[in-house]
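Here's the structure, in C-alpha cells; my notes come after.
Numbering (the working numbering), first residue to last: -7 to 369.
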C-alpha cells in the first residue's frame, strides 16, 4: 500500500455555512439553502436556481472567502511559520475570478481586443494566495472541469510522497459567474424540480458556489483520515458525457483500487459524483455495477450544496470525511424513502461507517474522470 498522506486541517464555505461545523450542522438539520439568480439576456431576463454563498457582493468578496477557508485550515493544522512558508499550493477551479472580470467588462466599453489583451493568467489567483500568506513553495493550478481540485489533491499527495514538499495546501474554489450559468442552461442541464441524483425522474442539476481548503501532511492527524491512492482517465466519448456503458468509469475506479492495493469488497462506502443528469448518472451506476460484486453504500452530496464544479473535489471530500469523523449520516439531507424510483440504491440516514476504505468519484467535461481512495484505518 502507498504511504498515507494525512488530512491535518480543513476549511469550508458553501451555501450551508462559513465553516466545517456550520456545514455539518445544516446538513444534520436537513436545511436547504438554494436561491436563484437573474441574468439579463438582451430584452429577456432568465432566473436560474443556484446555491449561493450568503455574503454580500463586493470587489473583495472572492479574496475574503478564500482567505477565510485557508485560515480555518491552517489553524486546525497547527503548522508553524516555517512550515507554512514552505507549503506547496495546489489550486483547482473552473471559474477562478471570472465574475470580477465580467463586472469589469460590463462597467466599461472595452473592445474585444482590449479584453483579449488583458485576460489574467490562471495562476493569478494562486499567486495572490502565496503573496497574502507569505508562501514560497511550489505553486500549481488545475483546470480540468469538475475534477480540478480532485486532481490537485492527487498531485499534491504525490508531491509529498516524492519528497518535493512536506506539506501541501489544496484548494477548490468555484464562484458564480454568468458564463458558467448560461453554459449549463444552454446544455439544458439545469433542473427546475430539484436535484434527484440516480432517480428515474431526475432532470438535471443546480449549480453551487463553494470554497474549500485542506492541508496535507505525512504526519498523522488525530482522526487518522488520509489519502491512499487516486487515478485519472481521459474518456474521448464526448465533450460533456462519459461512455454510456460505464466502462470508462469502471476502469478509473479499478485503477484507483489497484493502486491502493485493496479489493472492491474492502470499500465501506462510495461518494458518487451524482450530478442528476440523465446520461452521466446512468453511466456512473453502470460503472459501479461493473466494478463491485456487491455495491457498497452510496452517498451523493450535491443535493445539499449544488454542483460546485471545480471545487467539488476538495469540498465534497471535506464534507464526506468530516461527516464520518462526527458520526453523522452519509445520506446528506436525503430523507429516508424507497429506492424503487432509483437506478442506484442510495444510503439511508441510519448508515454510519466505522474504520475502513472509501471511494470518491469525480467525473467532468472534456472526458476527465478521477477516483480517489481515502482511509481512516
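Think of the CB as a built atom: it goes at the ideal place given N, C-alpha and C, for glycine as much as any other residue. Remember, predicted model here, so these are calculated numbers, not experimental data.
Residue nearest to residue 161 within the set 44, 126 and 19 is 126 (criterion: CA-CA distance). When beta bridges are read from the DSSP output, residue 32 appears opposite 37. Taking a contact to require three or more Cβ pairs closer than 8 Å, the region 129 to 138 and the region 77 to 87 qualify as touching. Rounded to whole angstroms, the gap between the alpha carbons of residue 205 and residue -5 is 22 Å. The beta carbon of residue 168 is closer than 7 Å to those of 29, 42, 44, 91 and 201 in its chain, skipping five residues each way along the sequence. For residue 94, the enclosing alpha helix (DSSP H) stretches over residues 90 to 98. If only uninterrupted alpha helix (DSSP H) runs of at least 4 residues are considered, those enclosed by the region 265 to 321 are 270 to 283, 294 to 297 and 304 to 317. Look at residue 15 here: in three-state DSSP terms it is helix. CA-to-CA, the gap between residue 53 and residue 60 works out to about 11 Å. Looking at the DSSP output, residue 200 shares a beta bridge with 43. Between residue 253 and residue -7 a beta carbon distance of about 5 Å is seen, short of the 8 Å cut, so the two are scored as contacting. Assigned with DSSP and collapsed to three states, residue 212 falls in coil, not helix or strand. Between residue 267 and residue 197 a beta carbon distance of about 5 Å is seen, short of the 8 Å cut, so the two are scored as contacting. Closest by C-alpha distance to residue 62, out of 187, 38 and 124, is 124.
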